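Working notes, structure below.
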Amino acid sequence: MSLLHRATFYQSASKVSQLPAPRGPEVCFVGRSNAGKSSAINVLTNQKRLAYSSKTPGRTRLINMFGIPDPLDPEHPLGYLVDLPGYGYASVALAAQQEWGRELGNYLVQRPSLAGVVLLIDIRRGITKQDYGLVEWIAQAKRPVLILLTKADKLPYGQRQKAIATIRKEVATQLGDVETIAFSATNRIGLEEATEKILNWISPQVVP
Ligand SMILES: Nc1nc2c(ncn2[C@@H]2O[C@H](COP(=O)(O)OP(=O)(O)OP(=O)(O)O)[C@@H](O)[C@H]2O)c(=O)[nH]1
Numbered sequence: 001m002s003l004l005h006r007a008t009f010y011q012s013a014s015k016v017s018q019l020p021a022p023r024g025p026e027v028c029f030v031g032r033s034n035a036g037k038s039s040a041i042n043v044l045t046n047q048k049r050l051a052y053s054s055k056t057p058g059r060t061r062l063i064n065m066f067g068i069p070d071p072l073d074p075e076h077p078l079g080y081l082v083d084l085p086g087y088g089y090a091s092v093a094l095a096a097q098q099e100w101g102r103e104l105g106n107y108l109v110q111r112p113s114l115a116g117v118v119l120l121i122d123i124r125r126g127i128t129k130q131d132y133g134l135v136e137w138i139a140q141a142k143r144p145v146l147i148l149l150t151k152a153d154k155l156p157y158g159q160r161q162k163a164i165a166t167i168r169k170e171v172a173t174q175l176g177d178v179e180t181i182a183f184s185a186t187n188r189i190g191l192e193e194a195t196e197k198i199l200n201w202i203s204p205q206v207v208p
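For the sequence shown, the UniProt record's numbering assigns the number 1 to the initial residue and increments by one for each residue that follows.
See below:
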């Protein structure tokens, strides 16, 4: 069983400044609204509703932290998964979107405990203008990145491979060679690979 399956809700905050003081390695999940972030967190943790998944884009507005219990020390989480609200939802006022963009940027650049960034991109949409804004922040933050191309079940294998190659090329200037994998919460595509990568960021000693 993956250690990620033991994740439990830890804390919510509406702003980065309200997050608890950094304690252990954090892996954050970022992506455009409706990219499939909640579904990805739910399947990675093997829990149906840990991250609330909704059919209404833009519903997830809080920063939610989930703790991964340390098998050797039940009092303190080994590390955390951090679910950051999706960006780019059209009906949210531009000023609010820009403010959220800055918050996200500050978190990525300044959070000392940030061990890795999982960037979720809908495999059929590819990288959008807003994603590029985020990619710039990630590049500035110089943190390890994993790109999950979500909803991969919607494309046949050959097209998935093409999408992977295209996106890797598109971010290469800013991020260099980034691990990019096809992912599906419904068909569990890429689940093992993503789990291994995330666990390795949280605790390099843990063999999944
Ligand atoms: N076919 C398919 N649909 C998916 C997959 N993952 C998510 N979806 C669908 O995509 C929609 C958005 O998924 P969510 O997981 O709620 O997306 P989110 O990124 O958390 O969205 P926000 O709450 O707006 O930030 C839902 O209708 C999901 O059922 C997948 O792997 N395959």
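Note that beta-carbon positions come from the ideal geometry of N, C-alpha and C, so glycine has one too.
In this text, all values refer to a predicted model and were calculated from it rather than measured experimentally.
Is residue i near ligand 1, in the sense that its beta carbon is under 6 Å from a heavy atom of that ligand?
i	result
Lys151	yes
Gly190	no
Ser33	yes
Ser184	yes
Ser38	yes
Gly101	no
Gly86	yes
Starting from residue i, follow the beta strand (DSSP E) in both directions and report where the run begins and ends.
i	result
Ala182	Glu179 to Ala182
Tyr80	Asp73 to Asp83
residue 240	In the structure as shown, the chain begins at 1 and stops at 208. Residue 240 is therefore absent and cannot be evaluated.
Gly31	Glu26 to Gly31
residue 210	This structure leaves residue 210 out entirely; the chain is present only between 1 and 208.
Ala115	Leu114 to Asp122
Leu191	It is not in any beta strand (DSSP E) - Leu191 instead sits in the alpha helix (DSSP H) that spans Leu191 to Ile202.
Ala35	Counting along the chain, Ala35 falls outside any beta strand (DSSP E), and DSSP gives it neither H nor E.
Val16	Segment: none, Val16 is in no beta strand (DSSP E) and carries neither H nor E.
Look at the alpha carbon of residue i and the alpha carbon of residue j, and state the distance between them as a whole number of angstroms.
i	j	result
Asp23	Thr173	The question names Asp, but residue 23 in the sequence shown is Arg. Cα to Cα, Arg23 sits roughly 32 Å from Thr173.
Arg49	Ala40	11 Å
Gln47	Met65	15 Å
Gly58	Glu193	Note that Gly58 has pLDDT 49, beneath the 50 cutoff, so the model's placement of it is unreliable and no number is given.
Asp122	Arg160	11 Å
Pro20	Pro156	43 Å
Leu191	Ile181	10 Å
Ala93	Tyr87	11 Å
Gly67	Asp83	11 Å
Val171	Gln110	22 Å
Pro141	His5	One point to set straight first is that residue 141 is Ala, not Pro, in the sequence displayed. Roughly 28 Å separates the two Cα atoms.
Ala185	Ala95	32 Å
Met1	Asn42	15 Å
Ile147	Asp73	31 Å
residue 209	Ala13	Any answer about residue 209 is impossible in this case: the structure gives the chain only from 1 up to 208.
Val178	Phe29	16 Å
Ala115	Gly158	32 Å
Shortest alpha-carbon distance to residue i belongs to which of the options?
i	options	result
Lys197	Arg188, Ile167 and Val145	Val145
Asn187	Arg32, Gly36, Met1 and His5	Gly36
Val135	Ala163, Leu155 and Lys169	Lys169
Gln98	Gln130, Leu84 and Leu44	Gln130
Thr45	Arg61, Lys15 and Tyr80	Tyr80
Tyr10	Leu62, Asn34, Gly31 and Lys151	Leu62
Pro85	Ile189, Val16 and Leu3	Val16
Trp137	Pro71, Asn106 and Trp201	Asn106
Asn34	Pro204, Gly126 and Leu78	Gly126
Thr119	Phe183, Tyr52 and Leu3	Here the sequence assigns Leu to residue 119, which means Thr is not the residue at that position. It is Phe183 whose Cα lies nearest to the Cα of Leu119.
If you follow the alpha helix (DSSP H) that residue i is part of, which residue opens it and which one closes it?
i	result
Thr173	Tyr157 to Leu175
Asp131	Lys129 to Ala141
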